[in-house]
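Notes for the one structure printed next.
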Ligand code: 3HC
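Numbering (our numbering), first residue to last: 1 to 303.
This is the structure in structure tokens:
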């Protein structure tokens, strides 16, 4: 099947029981792709409203996936949907949810202290065999892992939005990550239908290290008045073959996310000029114009 989604029900990877922490856009997508291949998945959040929202966005997205995979066989598509949804559990209880996990993936807010609190809380309750992973888009995996007693079983698994569609998974090992953990993570990545690449534990790994400064440079062009946002977007789509122009992409990713990434990097690496958040970006965030999710960013999405 396209995208490598296995529906045979037989899982090769040692990872079968997956807990995803954080019911936002990324966490929901990760839970969905794991459930689609037959992993037993628990999606955890502290907020019941967030879990309800995750549930409904997963339902909508699985329907889109089924429509694509089974366009000539709707009844198989229905089976795929109900099997996948049947593999998903939603929970507010963090400690219970990690007890039987082979893999725990964190996809919470991009803040080192919050991530440290989370991982120190679950380190003592998860089994010694459990692998911990972070879906951080900008923080160092080694810094996040530092509070746990399982640095050999800690890895970065960085997904892309929309997770069910984007085929890439960046797998990031630290100097302490064991060969066994790395091998299991790579195998699992392939099993969920992703193409895996690996990269050093550097800011933004590969994709965000290139995409975030790309979006930021576009903001600088706009500030200088070099061209309109619309023309810059058209130019990069038709002249460079990008599926979205820099402003469409920035609106899609969310300006708060890009701002937090740049702010974190510029504090850690004050000498890198590309990491300094632009005034336009700060203004959009201050005004709550975060992009598609708030109905307004560089463009308006109000219906
Ligand atoms: N769930 C399931 N399927 C989805 C989906 C979702 N959430 N979103 C889109 N799709 C499917 C659609 O059903 C459609 O399927 P079809 O080809 O069978 O009709 C297909 O994807 C294309 O969708 P659309 O027709 O709605 O729109 P586009 O053709 O414009 O594609 C896009 C949308 C896939 C988002 C494309 O514009 C794209 O690839 N954009 C770039 C996205 C990108 O760069 N993402 C990375 C951001 S950086 C990041 O995530 C890192 C983080 O750390 C910040």
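Note that CB positions come from ideal geometry on N, CA and C, so glycine has one too.
Compute the Euclidean distance between the alpha carbons of residue i and residue j, then round it to the nearest angstrom.
| i | j | result |
| --- | --- | --- |
| residue 121 | residue 50 | 21 angstroms |
| residue 164 | residue 38 | 15 angstroms |
| residue 68 | residue 270 | 46 angstroms |
| residue 219 | residue 291 | 14 angstroms |
| residue 214 | residue 246 | 7 angstroms |
| residue 293 | residue 226 | 28 angstroms |
| residue 284 | residue 142 | 32 angstroms |
| residue 235 | residue 162 | 23 angstroms |
| residue 24 | residue 137 | 14 angstroms |
| residue 207 | residue 70 | 31 angstroms |
| residue 63 | residue 14 | 28 angstroms |
| residue 209 | residue 160 | 13 angstroms |
| residue 378 | residue 267 | Because residue 378 is not part of the residues shown, which for the chain are 1 to 303, the question remains open. |
| residue 287 | residue 45 | 27 angstroms |
| residue 47 | residue 12 | 34 angstroms |
| residue 244 | residue 115 | 31 angstroms |
| residue 146 | residue 92 | 26 angstroms |
| residue 216 | residue 54 | 30 angstroms |
| residue 52 | residue 59 | 11 angstroms |
| residue 248 | residue 301 | 11 angstroms |
| residue 30 | residue 239 | 32 angstroms |
| residue 151 | residue 32 | 27 angstroms |
| residue 2 | residue 279 | The predicted position of residue 2 is uncertain, since its pLDDT is 45 and thus under 50; no value can be drawn from it. |
| residue 253 | residue 297 | 11 angstroms |
| residue 277 | residue 229 | 18 angstroms |
| residue 61 | residue 28 | 10 angstroms |
| residue 304 | residue 272 | Only positions 1 to 303 of the chain appear in the structure, and residue 304 is not among them; the question remains open. |
| residue 86 | residue 295 | 33 angstroms |
| residue 274 | residue 139 | 17 angstroms |
| residue 242 | residue 233 | 9 angstroms |
| residue 175 | residue 199 | 12 angstroms |
| residue 72 | residue 224 | 51 angstroms |
Give me the Cβ distance between residue i and residue j, rounded to the nearest whole Å; I'm assuming they're in contact under 8 angstroms.
| i | j | result |
| --- | --- | --- |
| residue 183 | residue 131 | Contact doesn't hold; Cβ gap of about 11 angstroms is too wide. |
| residue 144 | residue 173 | With 8 angstroms as the limit, residue 144 and residue 173 do not qualify as a contact, their Cβ atoms being about 13 angstroms apart. |
| residue 88 | residue 43 | 7 angstroms |
| residue 170 | residue 192 | That pair is no contact at about 14 angstroms. |
| residue 194 | residue 168 | 6 angstroms |
| residue 153 | residue 178 | 7 angstroms |
| residue 281 | residue 212 | Not a contact, Cβ separation roughly 11 angstroms. |
| residue 75 | residue 36 | Rounded, the Cβ-Cβ distance is 17 angstroms, inconsistent with contact. |
| residue 231 | residue 299 | With a Cβ gap of about 13 angstroms, residue 231 and residue 299 do not count as contacting. |
| residue 180 | residue 148 | Incorrect: roughly 16 angstroms between the Cβ atoms, too far for contact. |
Can we count residue i as close to the ligand SAH, meaning its CB is less than 8 angstroms from some heavy atom?
| i | result |
| --- | --- |
| residue 244 | Among the ligands present in this structure, namely the ligand 3HC, the ligand SAH is not found. |
Three or more C-beta pairs under 8 angstroms: does that hold for the segment 79-88 against the segment 122-129? No, they do not touch.
Between the segment 256-276 and the segment 105-119, can you find at least three pairs of beta-carbon atoms closer than 8 angstroms? With a cut-off of 8 angstroms, the segment 256-276 and the segment 105-119 count as touching, because enough Cβ pairs lie within range.
Closer than 8 angstroms is the cut-off here; do at least three beta carbon pairs connect the segment 93-105 with the segment 194-210? Fewer than three Cβ pairs drawn from the segment 93-105 and the segment 194-210 lie within less than 8 angstroms of each other, which leaves the two stretches out of contact.
Within the segment 19-79, note down every full beta strand (DSSP E) run reaching 3 residues or more, in order along the chain. List check, beta strand (DSSP E) in window: 40-44.
How do the segment 9-22 and the segment 86-100 stand: do at least 3 beta-carbon pairs fall below 8 angstroms, yes or no? Between the segment 9-22 and the segment 86-100, the count of Cβ pairs shorter than 8 angstroms is three or higher; the stretches touch.
3-residue-minimum beta strand (DSSP E) runs that sit fully inside the segment 164-234, ordered along the chain: If we require 3 residues or more, the beta strand (DSSP E) runs fully inside the segment 164-234 come out as 168-172, 195-198.
In chain order, which continuous runs of the alpha helix (DSSP H) of length 4 or greater are located wholly inside the segment 238-266? Within the segment 238-266, the complete alpha helix (DSSP H) runs of at least 4 residues fall at 246-253.
Could you tell me which uninterrupted alpha helix (DSSP H) segments, each at least 4 residues in length, are contained entirely in the segment 94-153, listed from first to last along the chain? List check, alpha helix (DSSP H) in window: 94-98, 112-123, 141-145.
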